[in-house]
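In our numbering, the protein residues as written are 11 to 215. Note that beta-carbon positions come from the ideal geometry of N, C-alpha and C, so glycine has one too. Just so we're clear, the structure is a prediction, and the values are computed from it rather than from any experiment. Here the structure is laid out as structure tokens; the discussion comes afterwards.
Okay, structure coming up:
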């Protein structure tokens with residue numbers, strides 16, 4: 011009973027940690043640069059980069075839903091093949107605006123205070139929601155369409171060792187995020203995904 015109580019208490023403390031925050035500018039710039047590099051690789055045709063750099067816990071969850079990692083890879087390959095069959099290619103990727111910053115993933119920090127070892131509950135990872143703009147060319151007879159998608163990438167890294175991995179915002183739900191990161195607020199709002207056909211007169215500017 012005491013063990014259960016301690017676990018519940020720790021969860022309560024963890025959810026009480028303030029998740030939305032600010033981060034040093036070098037952390038923000040590092041995350042933005044990493045997202046732009048991810049997009050650059052995909053535009054160059056290296057589609058598997060998005061799988062290779064996916065946040066491991068999220069990839070594991072997607073694998074379980076798909077029936078295993080091999081099944082997930084197969085689904086990804088089939089989606090890419092279908093895009094090519096339809097004549098759809100990604101032609102540009104960029105970040106814009108300023109990210110929303112959270113610190114997440116409760117852990118402990120041990121410090122010496124007055125000669126005594128003191129444990130402090132902290133969040134150990136940076137999480138940044140970074141707005142993105144992607145443009146696709148869709149073949150439509152002699153006149154291809156340009157589709158613009160404004161969405162976001164979630165960049166995640168340990169605070170003590172910056173190495174960004176990612177979750178794509180398309181189709182993501184708040185409960186997906188809060189089930190992995192319990193310190194995120196219940197009223198968290200994820201950015202809206204917006205898509206439009208880019209008018210031809212805008213392309214010619």
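Which residues mark the beginning and the end of the alpha helix (DSSP H) in which residue i is found?
| i | result |
| --- | --- |
| residue 84 | 79-95 |
| residue 50 | 35-53 |
Please report how far the alpha carbon of residue i lies from the alpha carbon of residue j, in whole angstroms.
| i | j | result |
| --- | --- | --- |
| residue 83 | residue 125 | 53 Å |
| residue 66 | residue 211 | 42 Å |
| residue 112 | residue 151 | 45 Å |
| residue 46 | residue 157 | 19 Å |
| residue 161 | residue 200 | 10 Å |
| residue 5 | residue 116 | The requested residue 5 does not occur in the structure, where the chain is confined to residues 11 to 215. |
| residue 123 | residue 131 | 15 Å |
Name the DSSP beta bridge partners of residue i, please?
| i | result |
| --- | --- |
| residue 65 | According to DSSP, which records beta bridges pairwise, residue 65 is partnered with nothing at all. |
| residue 165 | 138 and 176 |
According to DSSP, is residue i helix, strand or coil?
| i | result |
| --- | --- |
| residue 208 | coil |
| residue 170 | coil |
| residue 189 | helix |
| residue 18 | With a pLDDT of 32 at residue 18, under the threshold of 50, the modelled position of this residue cannot be trusted; read the value that follows with caution. Of the three classes helix, strand and coil, the one that applies to residue 18 here is helix, per DSSP. |
| residue 214 | coil |
| residue 153 | coil |
Between which two residues does the beta strand (DSSP E) carrying residue i extend?
| i | result |
| --- | --- |
| residue 121 | 110-123 |
| residue 193 | Looking at the DSSP string, residue 193 is not in any beta strand (DSSP E), and its letter there is neither H nor E. |
| residue 103 | 98-105 |
Using a 10 Å radius around the Cβ and a threshold of 16 neighbouring Cβ atoms, would you call residue i buried or exposed?
| i | result |
| --- | --- |
| residue 114 | buried |
| residue 142 | buried |
| residue 138 | buried |
| residue 49 | buried |
| residue 191 | buried |
| residue 133 | buried |
| residue 175 | buried |
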